[in-house]
Amino acid sequence: MCNDIKFENRSYDSVNQEMLSTYMKKRGMANLKLEDLNLWTRSFGENYYPVIVTLKDSDQIIITCHGIEYESVHDENKKFTFIGFLWIDEDFRGKEIMVHIHNTLASYEALTYTVHTLLKPAAVKFFKIMTGEFNEYLKSYVSIYDKNELHLEEKPVSQITLKKISEVSPNLLTAYDQSIFPFNRADYITEFLKQKNCYSRIALNSSGEIIGYGNIILFESTNLAQIQPLYADNAEIASAIVSEILHSENLDFEQISHRSNDKHNESYEWFKPLLKKNVELRREFVSTYGWSGNGPKDFGISKVFSSSSTIVCPI
Numbered sequence: 031m032c033n034d035i036k037f038e039n040r041s042y043d044s045v046n047q048e049m050l051s052t053y054m055k056k057r058g059m060a061n062l063k064l065e066d067l068n069l070w071t072r073s074f075g076e077n078y079y080p081v082i083v084t085l086k087d088s089d090q091i092i093i094t095c096h097g098i099e100y101e102s103v104h105d106e107n108k109k110f111t112f113i114g115f116l117w118i119d120e121d122f123r124g125k126e127i128m129v130h131i132h133n134t135l136a137s138y139e140a141l142t143y144t145v146h147t148l149l150k151p152a153a154v155k156f157f158k159i160m161t162g163e164f165n166e167y168l169k170s171y172v173s174i175y176d177k178n179e180l181h182l183e184e185k186p187v188s189q190i191t192l193k194k195i196s197e198v199s200p201n202l203l204t205a206y207d208q209s210i211f212p213f214n215r216a217d218y219i220t221e222f223l224k225q226k227n228c229y230s231r232i233a234l235n236s237s238g239e240i241i242g243y244g245n246i247i248l249f250e251s252t253n254l255a256q257i258q259p260l261y262a263d264n265a266e267i268a269s270a271i272v273s274e275i276l277h278s279e280n281l282d283f284e285q286i287s288h289r290s291n292d293k294h295n296e297s298y299e300w301f302k303p304l305l306k307k308n309v310e311l312r313r314e315f316v317s318t319y320g321w322s323g324n325g326p327k328d329f330g331i332s333k334v335f336s337s338s339s340t341i342v343c344p345i
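Each step along the sequence shown adds one to the number in our numbering, with nothing skipped, and position 29 is 59.
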């Protein structure tokens, strides 16, 4: 980046949808909206650290990034910061910008704890400069299928009841979510699942205990349905949750996607029953999840069949 180019931090309050849409279009992400930024701010409160940078005296966004401080629900002294939403306009990339992002996050004290992130290979070097190290935990993949490749048939599973989110106690949902990701994101998950373009189901066993939940978020601008998140005790439950949503909601989309990882093979294979017989499973590498320092070992990765939004949460 040229030294004579001036830039400045902007508050979320000063960002409008037109600014964001122009920036995201250049980034190749048409689905993000201003309400997403507001959701993050409301949900995480003082633990949310936004970084939005524009050219000085301009509405042209050249950097987005945020840090989210996650506190353990079991040990208040156990925390980590998740760095996400990171993108730098390719016309302005360079050491000066990297230093600016580092200093802004440091001013929030966002780099005090172990730092987590999902990165494309090209960004690993930047992360190492910012934090000193990057220890890989897992590789993340995305699978995308056309709607006409799906075998949309109701798949009832014995001794499983599927309910809408409004029919289940929020406390039960939070407890199940925290068995997988034992950190403070209850407000975010609850608000996220209640969005008008989200379609969720919760699976319960015969004793009324939650054994899985999943959500499909529909992006009308790209006709894409994303499965995020999908957590379940086993692959059969995971498949039943998504099958029920697709069968009962009559969603209008052209493609459907979900995330998988290399720590849990079934996070990729569970989708097979939802495909026509002549359609093979497929996926592409997207990013690597890792951290500086020592990361937590208590993620319930065996229950993650598709991750939550990787902009906001690691799994």
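The beta-carbon is built from N, C-alpha and C at its ideal position, and this holds for glycine as well. No experiment lies behind these values; they were computed from the predicted model shown.
Report task. Work out the CA separation of C228 and A262 for me, nearest whole Å. Result -> 18 Å
Requested in this report: Quick one: grab the DSSP three-state call for I1.
Outcome: Given a span of 31 to 345 for the chain in the structure shown, any question on residue 1 remains unanswerable.
Query - Best match in V272, T52, I98, K155 for proximity to Y143 [C-alpha to C-alpha] - result: I98
Query raised in the report: For P259, which three-state DSSP category applies?
Result: strand
Query raised in the report: For D87, does the three-state DSSP call read helix, strand or coil?
Result: coil
**Report entry** Distance between beta carbons of F157 and F329, contact taken as under 8 Å
**Finding:** Wrong, their Cβ atoms sit about 20 Å apart, outside the cutoff.
Requested in this report: Could you spell out the range, first to last residue, of the beta strand (DSSP E) harbouring H66?
Outcome: Just to set this straight, residue 66 is Asp in the shown sequence, not His. Run containing D66: none in the beta strand (DSSP E); it sits in the alpha helix (DSSP H), 64-74.
Requested in this report: With a floor of 3 residues, list each beta strand (DSSP E) that falls wholly inside the region 125-160, ordered by position along the chain.
Outcome: 144-149
Report task. Measure the CB-CB distance between I82 and N39 and report whether it falls below 8 Å. Result -> yes
Query raised in the report: Secondary structure at T94, three-state DSSP: helix, strand or coil?
Result: strand
Query raised in the report: What three-state label does DSSP hand R312 in the structure shown?
Result: coil
Query raised in the report: Hey, F37 and K86: beta-carbon distance below 8 Å or not?
Result: yes
Query raised in the report: To which residues of the same chain is G320 closer than 6 Å at the C-beta, ignoring the five residues directly before and after it?
Result: F164, N165, E166, Y167
Requested in this report: Measure the C-alpha to C-alpha separation of R312 and E184 and round it to an integer number of angstroms.
Outcome: 23 Å
Query raised in the report: How big is the Cα-Cα spacing for S199 and E284?
Result: 33 Å
**Report entry** DSSP state of L305 mapped onto helix, strand, coil
**Finding:** strand
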